[in-house]
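Presented below is the structure to which this report refers.
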Amino acid sequence: MTPIQKNAAILFADISGSTALYDKLGNKLALQLVTRTLEILTMEVTARQGTLIKTIGDAILCTFPNAADAVNAACAMHSTIEGQSPGGELPIHVRIGLHYGDIIYEGGDTYGDAVNIAARVTALTRARQIMTTRAVVDRLPEKMQKHARSVMRTGFRGKEETFDVYQIVWDPEDTMNTRVGMSAYRKPAEPRHELMLQYHQKLITLNEDTKQAVLGRGQGCDLMIRNILASRQHATIEYNFGKFLLMDHSVNGTYIRFGDDQIIQLNHQQIFLHGAGTISLGQSFSESPTDVIEYILQ
Numbered sequence: 000m001t002p003i004q005k006n007a008a009i010l011f012a013d014i015s016g017s018t019a020l021y022d023k024l025g026n027k028l029a030l031q032l033v034t035r036t037l038e039i040l041t042m043e044v045t046a047r048q049g050t051l052i053k054t055i056g057d058a059i060l061c062t063f064p065n066a067a068d069a070v071n072a073a074c075a076m077h078s079t080i081e082g083q084s085p086g087g088e089l090p091i092h093v094r095i096g097l098h099y100g101d102i103i104y105e106g107g108d109t110y111g112d113a114v115n116i117a118a119r120v121t122a123l124t125r126a127r128q129i130m131t132t133r134a135v136v137d138r139l140p141e142k143m144q145k146h147a148r149s150v151m152r153t154g155f156r157g158k159e160e161t162f163d164v165y166q167i168v169w170d171p172e173d174t175m176n177t178r179v180g181m182s183a184y185r186k187p188a189e190p191r192h193e194l195m196l197q198y199h200q201k202l203i204t205l206n207e208d209t210k211q212a213v214l215g216r217g218q219g220c221d222l223m224i225r226n227i228l229a230s231r232q233h234a235t236i237e238y239n240f241g242k243f244l245l246m247d248h249s250v251n252g253t254y255i256r257f258g259d260d261q262i263i264q265l266n267h268q269q270i271f272l273h274g275a276g277t278i279s280l281g282q283s284f285s286e287s288p289t290d291v292i293e294y295i296l297q
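Shown next, in the form of structure tokens:
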């Protein structure tokens with residue numbers, strides 16, 4: 000497919016505190032809750048001329064033809080989540096980051112600096128907030144610009160220029176409208192997240208600098224597993240928003256045994272890793288597999 004280059008509004012919506020959900024509810028219930036919440040967010044995207052690009056664990060990436068549609072969708076996402084309460088008595092909140100710029104569509108995905116900036120803005124955002132850049136605010140109708148409040152000017156890794164960051168106030172009763180996720184705004188600095196993966200004598204580490212590992216039987220995999228039940232490119236692990244997402248692409252499934260001995264089987268599904276545990280490609284733990292991957296999240 001020929002790449003398509005165009006300007007668009009990019010929106011990331013991320014479920015806040017999802018790691019705590021997995022710890023509190025267990026993997027199966029938390030995954031059901033996350034899936035239900037993402038379905039609600041996706042409905043708001045399609046209702047406002049948006050395009051869902053992909054789901055990234057407990058977050059979605061989508062695009063809109065203009066800034067106004069993107070901001071309206073972001074406001075609707077917050078309102079609908081709070082109105083429908085997908086977690087029941089357990090409150091579920093999302094954080095949303097927006098940017099507008101030049102992107103490339105190719106192979107069902109989207110690329111470009113604008114996507115990276117939108118992700119960085121989302122990383123600054125707290126639960127129940129919408130953060131965006133001047134590129135979005137300048138393209139809003141005047142009546143919508145009145146809901147944008149300048150918060151800070153900041154730089155992003157890999158970019159020489161600095162960016163004005165704004166908050167879109169969607170809830171008039173919000174008392175946290177001047178706080179963002181940076182140490183300058185009373186939030187402690189984020190720890191350095193690292194995931195260590197060990198298979199026999201080979202050890203690899205994923206972090207902010209090395210964001211992806213491919214697991215499987217193929218020669219080009221970062222961890223090449225000597226098990227005929229493993230697919231050539233069986234699974235990937237990606238670093239997103241400070242979390243590590245395992246995605247199964249295989250025929251025989253991926254099995255994860257967490258530190259509490261709970262076992263989850265993935266079949267073309269995905270889940271965030273937490274704590275420490277063991278991963279088996281294509282072979283259940285009831286069969287006492289020997290070709291397993293040990294992991295620990297620091």
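Going by numbering that gives the first Met the number 0, the first residue of the sequence shown is number 0, and it counts up by one from there.
A virtual CB, placed ideally from N, CA and C, is assigned to each residue, including glycine.
Taking one beta carbon from each stretch, the segment 43 to 54 and the segment 124 to 139 have fewer than 3 pairs nearer than 8 Å; the two do not touch.
Contact check for Gly56 against Val33 passes: the beta carbons are separated by less than 9 Å. Under the 10 Å beta carbon count, Ser285 is surrounded by fewer than 16 other beta carbons and is classified as exposed. Residue environment for Thr289: exposed (fewer than 16 other C-beta atoms within 10 angstroms of its C-beta). In the DSSP secondary-structure assignment, Tyr294 is bridged to Leu196, Gly276.
Cβ-Cβ separation between Val120 and Gly96: approximately 4 Å, consistent with a contact (criterion under 8 Å). In this model, His199 and Asn26 are separated by some 27 Å (Cα to Cα). With contacts defined as CB atoms closer than 9 Å, Gly217 and Gly252 fail to qualify as a contacting pair. Note that the C-beta distance between Lys142 and His192 is not below 9 Å. No residue range can be given for Ile224, since it is assigned to no beta strand (DSSP E) and is classified by DSSP as neither H nor E. Unbroken beta strand (DSSP E) stretches of 3 residues or longer found wholly inside the segment 15 to 60: 50 to 55, given in chain order. Here the segment 161 to 169 makes no contact with the segment 254 to 268; the two share fewer than three CB pairs at distances below 8 Å. Counting only residues of its own chain and dropping the five nearest sequence neighbours on each side, Leu245 has a CB closer than 8 Å to the CB of Ala234, Thr235, Ile236, Thr253, Ile255, Leu265, Gln269, Ile270, Phe271, Leu272, Ile278.
Under DSSP, Leu214 takes part in a beta bridge, and its partners are Leu222, Ala234. Scanning its chain for C-beta atoms nearer than 8 Å, with the 5 sequence neighbours on each side dropped, one finds around Ile80 the residues Thr36, Ile39, Leu40, Ile91, His92, Val93, in chain order. An exposed status is given to Gly219, since fewer than 16 other beta-carbon atoms sit within 10 Å of its beta-carbon.
Exclusion of the five residues before and after Ile3 leaves Ile103, Tyr104, Glu105 as the residues of its chain whose Cβ lies within less than 8 Å of its Cβ. As the crow flies, the alpha-carbon of Ile59 is around 16 Å from that of Gln31.
Beta-carbon to beta-carbon, Ala19 and Val135 are separated by about 30 Å, too far to satisfy the 8 Å threshold. With contacts defined as CB atoms closer than 9 Å, Arg47 and Ala66 fail to qualify as a contacting pair. Here His77 is not near Asp13, since their CB atoms are 9 Å or more apart. DSSP lists Tyr165 as the bridge partner or partners of Ser149. Per the DSSP secondary-structure output, Gly100 pairs in a beta bridge with Ala7.
In the DSSP assignment, Arg256 falls within the unbroken beta strand (DSSP E) covering 253 to 257.
Residue pairing by DSSP puts Phe63 in a beta bridge opposite Ala8.
Where Thr109 is concerned, the enclosing beta strand (DSSP E) starts and stops at 108 to 110. One Cα belongs to Leu51, the other to Asp112, and the distance between them is close to 18 Å. Looking only at Val213, Leu228, Arg138, Ile129, the smallest Cα-Cα distance to Val150 is reached by Ile129. The beta carbon of Val250 sits closer than 8 Å to those of Ser230, Gly281, all from its chain and outside the five residues before and after it, given in chain order.
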